[in-house]
Amino acid sequence: MEWFIDKWQVIDSLSPFLMKGLWLTFKVSMVSIILGSILGSVLGIVKTLKWSIPRALVGGYVHLFRGTPYLVQIYIIYFVLPSLDVTWLKFDSYTAAIVSLSLYTASYVTAIVESAIRAVPRGQEEAARSCGMSKAQALYHIILPQAFKLTVPPMASIYVIVIKSTAVLSVIGISELTRQGETAILRMPGDTMFIYLLIAILYFVYCYPMLKFAGWAESKVKANGGNAVL
Amino acid sequence: MDWLVEFYNYNIVFNYIDIFAKGILNTVWISVVCLSLSIFFGIFLALMRMSKVGIVWRTAAAYIQFIRATPLLVQIYIVYYGLPTLIGNFFNEFQTGVIALTIHTTPFMAEIIRAGIQSVPVTQTEGAMAVGMSRAQAMYHIILPQAISKLISPLLGQSVILLKDTSLLSIIAVFELMGAGLLMFSETVSPSESYITTAICYLIIYLIMLVFSGFVQRRLGGTPAQV
């Protein structure tokens, strides 16, 4: 019983502190997810077009960001880019966090959007074109609405990965959930394990619904033989 | 070429080549050990997850979901601070890192293995049993060979993720590729040389994996690896 009272006091005194961290984690991850999804969708569409040079550039970008750990990317964007002496590349830690996380998200989203567009049968585009639609019209009215449904399950899993990646931001001093926990541990070194478990539970509460949604959406897509009806 | 040397002085990097070589070697070694361990435990976890006994599959599912919904960094901290309080200072940093990464990767492996086994139609088992095989024989001779060809690409994709995840071990002072970059930074205080070299080393490993997975895919068929 004494243990519970003791731990409850820890929770009680830390909860505003940790909630502030969770709120920042939420904000940073949501902004990056939105920016990254927009950028990734555009790049994914570019990758399915027939312009070879932009396609190669986008391909290079995707490999660059998927081939290196996020930790390395954040170090490069936060420490290396400012040393280039270009004014608008001198990021503070928040901008660096948002920029790196958005680019990281976009590299995944690009691949998802590209494969979703390729998964729409060619006959759809041909039929739209033979009805007199232009290429852009066919893409906008016929291809993208069908492709969009296919992107939902993998997108949800990517968003979970992005949310989890925000924990790495603690190394550049963003006071998100993990960082707040580390600061709390400096105040209460006796409860190290308990505080880390508390942080893990908070992340779980944030990520688990998204994970469940991804699983549910995937079963929906599978049940319809790949043609999603959501 | 002056501007290049100003930004990225490769002459400094040459002094650190052996440190980076050691870093690459450690990264690959950690990945190989974790990969083997997590496939080994992943098979058991997948079988537990597919069990019909409530408490067994629920335990497995809870473990899988907890790992998938929490960041690796927090898991590493929990293992790093938790293990010594449980069993004392029995493991060094390197071993602690391997344990943390294995705990993290096993559920992902288990899900891949489970998806592979379940992708083989039930009729295959029924057919095998109809010609007189036992359940274990059907698993060994009929199901697993078909499952493995479907497992290879997601396994390679997960291996690439594992290779990248090892970088987080640098935070608990395990010396690997990222650790090599941080060591160089602390001695030379030149971010571009240290971190870009680290990134290039990771990219080289990644490209080798990419070529290898393309090769495996051509030989075995199946879907392209999602890395």
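Going line by line, the protein sequences match chains L and U. Going by full-length UniProt numbering, the first residue of the first sequence is number 1, and it counts up by one from there. Going by full-length UniProt numbering, the first residue of the second sequence is number 1, and it counts up by one from there. Ideal Cβ placement from N, Cα and C applies to all residues, glycine included.
CB contact below 7 Å: residue i versus chain U
i          : result
Ala-200(L) : yes
Lys-164(L) : yes
Tyr-108(L) : no
Thr-192(L) : yes
Tyr-75(L)  : yes
Gly-215(L) : no
Contacts that residue i makes with chain L (C-beta to C-beta distance below 9 Å)
i          : result
Leu-207(U) : His-63 and Gly-67
Tyr-202(U) : Gly-67, Thr-68, Pro-69 and Val-72
Gly-42(U)  : In chain order: nothing, as chain L lies at least about 18 Å away.
Lys-164(U) : Arg-66, Gly-67, Thr-68, Pro-69, Tyr-70, Leu-71 and Val-72
Thr-59(U)  : Neighbours of Thr-59(U) on chain L: none; closest Cβ ~16 Å, over 9 Å.
7 Å Cβ cut-off: residues of chain L touching residue i
i          : result
Val-74(U)  : Ala-167, Thr-178, Tyr-196, Ile-199, Ala-200 and Tyr-203
Phe-66(U)  : Phe-204
Ile-196(U) : Ile-76 and Val-80
Rounded separation between residue i and residue j - CA only
i          : j          : result
Leu-207(U) : Pro-154(L) : 23 Å
Glu-126(L) : Ala-136(L) : 13 Å
Ala-184(L) : Asn-9(U)   : 41 Å
Phe-79(L)  : Ala-167(L) : 18 Å
Asn-89(U)  : Ser-52(L)  : 57 Å
Gly-132(L) : Phe-148(L) : 23 Å
Trp-8(L)   : Tyr-108(L) : 41 Å
Ser-219(L) : Phe-41(U)  : 26 Å
Trp-3(U)   : Val-28(L)  : 35 Å
Gly-44(L)  : Leu-86(U)  : 48 Å
Asp-165(U) : Val-33(U)  : 14 Å
Leu-89(L)  : Leu-81(L)  : 6 Å
Gly-181(L) : Ile-34(L)  : 26 Å
Trp-216(L) : Val-160(L) : 14 Å
Phe-175(U) : Phe-94(U)  : 8 Å
Val-46(L)  : Gly-132(U) : 55 Å
Leu-25(U)  : Val-160(U) : 15 Å
Ile-158(L) : Thr-105(L) : 8 Å
Ala-136(U) : Val-31(L)  : 51 Å
Glu-111(U) : Arg-58(U)  : 14 Å
Phe-5(U)   : Ile-196(U) : Reading the sequence as shown, one finds Val at residue 5(U) and not Phe. Rounded to the nearest angstrom, the two C-alpha atoms are 13 Å apart.
Ile-183(U) : Ile-12(U)  : A small correction: the amino acid at residue 183(U) is Leu; Ile does not occupy that position in the sequence shown. Answer to the nearest angstrom: the Cα atoms are 13 Å apart.
Segment limits, alpha helix (DSSP H) that includes residue i
i          : result
Lys-47(L)  : 2-48
Val-171(L) : Looking at the DSSP string, Val-171(L) is not in any alpha helix (DSSP H), and its letter there is neither H nor E.
His-141(L) : Looking at the DSSP string, His-141(L) is not in any alpha helix (DSSP H), and its letter there is neither H nor E.
Glu-187(U) : 177-188
Lys-52(U)  : That residue, Lys-52(U), is in no alpha helix (DSSP H); it is neither H nor E in DSSP.
Trp-216(L) : 192-223
Ala-173(U) : Element bounds for Ala-173(U): n/a, residue is neither H nor E.
Pro-107(U) : 93-119
Ser-52(L)  : 52-66
Residue closest to residue i, alpha-carbon to alpha-carbon, out of the options
i          : options                                           : result
Ile-76(U)  : Leu-163(U), Ser-190(U), Val-216(U) and Leu-169(U) : Leu-169(U)
Gly-82(U)  : Phe-213(L), Ile-199(L), Val-221(L) and Phe-194(L) : Phe-194(L)
Val-152(L) : Leu-81(L), Ser-37(L), Leu-198(L) and Met-1(L)     : Ser-37(L)
Ile-77(L)  : Gly-67(L), His-63(L), Val-62(L) and Tyr-94(L)     : Tyr-94(L)
Ala-69(U)  : Pro-107(U), Ile-39(U) and Val-79(U)               : Pro-107(U)
His-141(L) : Val-120(L), Tyr-159(L), Ile-158(L) and Ser-100(L) : Val-120(L)
Leu-162(U) : Ala-46(U), Met-109(U), Lys-52(U) and Ile-87(U)    : Met-109(U)
Ile-200(U) : Phe-20(U), Leu-4(U) and Trp-3(U)                  : Phe-20(U)
Thr-48(L)  : Pro-82(L), Leu-144(L) and Trp-88(L)               : Leu-144(L)
Leu-84(L)  : Ile-99(U), Glu-193(U) and Phe-212(U)              : Glu-193(U)
Arg-55(L)  : Thr-110(L), Val-205(L) and Ala-214(L)             : Thr-110(L)
Ile-174(L) : Val-58(L), Ala-223(L) and Leu-22(L)               : Leu-22(L)
Met-210(L) : Lys-164(L), Leu-103(L) and Leu-14(L)              : Lys-164(L)
Proximity test, Cβ basis, 7 Å: residue i and chain L
i          : result
Gly-54(U)  : no
Pro-191(U) : yes
Tyr-16(U)  : no
Thr-27(U)  : no
Gly-82(U)  : yes
Lys-150(U) : no
Ile-112(U) : no
Tyr-77(U)  : yes
Ala-21(U)  : no
Ala-46(U)  : no
Ala-199(U) : yes
Met-184(U) : no
Amino acids of chain U, ordered along the chain, whose beta-carbon sits closer than 7 Å to that of residue i
i          : result
Leu-71(L)  : Ser-167, Leu-168 and Met-178
Ser-219(L) : Those do not exist, as Ser-219(L) stays about 12 Å from chain U at its closest Cβ, beyond 7 Å.
Under 8 Å from the C-beta of residue i: neighbouring residues of chain U
i          : result
Val-171(L) : Ile-171
Residue-chain proximity (residue i, chain B), Cβ-Cβ < 7 Å
i         : result
Val-58(L) : The structure shown has no chain B; the protein chains it does contain are L and U.
Proximity test, residue i beta-carbon vs the ligand NAP heavy atom, cut-off 6 Å
i          : result
Ile-200(U) : This structure lacks the ligand NAP; in fact it carries no ligand of any kind.
Interface partners of residue i on chain U, CB under 9 Å
i          : result
Ser-83(L)  : Phe-7, Ser-190, Pro-191 and Ser-192
Leu-211(L) : Gln-65, Arg-68 and Ala-69
Cys-207(L) : Arg-68, Ala-69, Thr-70 and Pro-71
Residues that residue i contacts on chain L, provided the C-beta gap is smaller than 8 Å
i         : result
Thr-85(U) : Met-193
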